[in-house]
Each structure stands twice: as structure tokens, then as C-alpha cells.
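Beneath this line is the structure, given in C-alpha cells, with notes to follow.
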Amino acid sequence: MALSKNLKNLIVLLTILFSSGCQHEFVNTNIIQLTSIKFHSSISNSFKERSKKYFATSEITNLMQGSSVTIQKIEFKKRNFYGGSTVRSKEIEILGELHYEFNLPDKQKTGMISAIVQMPSNEINPQAEISAQKQLKDELEFLLLEKLSQEYWLIES
Numbered sequence: 611m612a613l614s615k616n617l618k619n620l621i622v623l624l625t626i627l628f629s630s631g632c633q634h635e636f637v638n639t640n641i642i643q644l645t646s647i648k649f650h651s652s653i654s655n656s657f658k659e660r661s662k663k664y665f666a667t668s669e670i671t672n673l674m675q676g677s678s679v680t681i682q683k684i685e686f687k688k689r690n691f692y693g694g695s696t697v698r699s700k701e702i703e704i705l706g707e708l709h710y711e712f713n714l715p716d717k718q719k720t721g722m723i724s725a726i727v728q729m730p731s732n733e734i735n736p737q738a739e740i741s742a743q744k745q746l747k748d749e750l751e752f753l754l755l756e757k758l759s760q761e762y763w764l765i766e767s
């Protein structure tokens, strides 16, 4: 009798513990709602599509009336690092820079965000190195968009 009462209390306690700790809606999507997103003509279509994961436009927003972001320029710079006894390329570094402007109802901020990725050089197979550089540029675009969304939340707070 006492064992079943303790077991019942234990089951209730464990159920409450697991239900409170199940992290309902653990993955929180923080899509930023703006009235407009503008891109300079030099921005690639792939970057425009990727930005939809972070920024959404809607004409009617009560909280952010007149808020917009303008992506002015995105540029990638490649540097080779040489070393060794034969002074050959040992490592490749790609620097991504994103120039932006936020126009919020009470603030206006212009700035530049940068991110760097590195990879070892592959002189034996240059085609593989070129495809790896394209993949790194795609990764850099995601990193720059992440940093841009963080910059927006810093401006908002």
C-alpha cells in the first residue's frame, strides 16, 4: 500500500519534471519583420534568396512601421599564405565584407560586417580547390547574414 502510494507520487513527480523540461518550441525562429529589404544591383540572387531566412517583409507591421534594411555591397577577398622551403601556397583565406544600412523609426545605422574563413591549399587538384572556395563563399554568406541579424537585435535593444 505504502509502496504503491510512493510509486504514484514518483510517477507524478517525474511526469511534471519531464513535461516542464521538454523544451517545447526549443528551436526559436527569429525572423526579423521589416517593411522593406533593398539590395544593390551588384548583389547576387543567391544571397537575396538566403536573406529570406533571416529577414521577411510585410507591409503591415505595427511594431516596426517604416523599418528597412539596405544591403549596399558584399565583397569577397582572397589571400594566399606562402611558406615552406619551396615558398608554395600553404593556406587560402577568404574575407567576406557586407556593407549595410538599417533605417528604423527612431534610428539609422550604417556599417560593415566582416567574416573570415581559411582552408589549406590544394595545388595537386586545382579544380577541387576552386569548388571548395565556392563552398566557402556560400558559408561566408550565411555567416554574414547571421552577423547582420545579430547587429539588428543589438540596435533594437
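Heads up: the sequence shown is residues 611 to 767, going by the numbering used here. Just so it is clear, CB atoms sit at the ideal spot from N, CA and C, and this is done for glycine as well.
Have a look at M729 and E739 and give me their C-alpha separation to the nearest angstrom.
9 Å
For A642, which option in S759, S767, L764 and I765 has the closest C-alpha, if you only look at C-alpha atoms?
This sequence places Ile at residue 642; Ala is not what is there. Per the Cα distances, S759.
How close, in whole Å, do the beta carbons of S652 and K683 come, if the pair is a contact with beta carbons under 8 Å?
7 Å
Rounded to the nearest angstrom, what separates V637 and E756 at their Cα positions?
Reliability fails at V637, whose pLDDT of 48 lies under 50, so the model's placement of it is uncertain and the value that follows must be treated cautiously. One C-alpha to the other measures close to 16 Å.
Kindly list the residues whose CB is nearer than 6 Å to the CB of S614, restricted to its own chain and excluding five residues on each side of it in sequence; keep chain order.
none
Could you have a look at N713 and say whether DSSP puts it in helix, strand or coil?
strand
When you compare the CB positions of S677 and L644, do they come within less than 8 Å of one another, or not?
Inclusion of S677 and L644 in the CB contact set at 8 Å is warranted, their separation being smaller than that value.
Nearest to E761 by CA position, among E711, N735 and S741, is which residue?
E711
Return the chain-ordered list of same chain residues with a C-beta closer than 6 Å to the C-beta of N732, the five sequence neighbours on each side being excluded.
A738 and E739
Continuous alpha helix (DSSP H) stretch holding N655: start and end
N655 to S661
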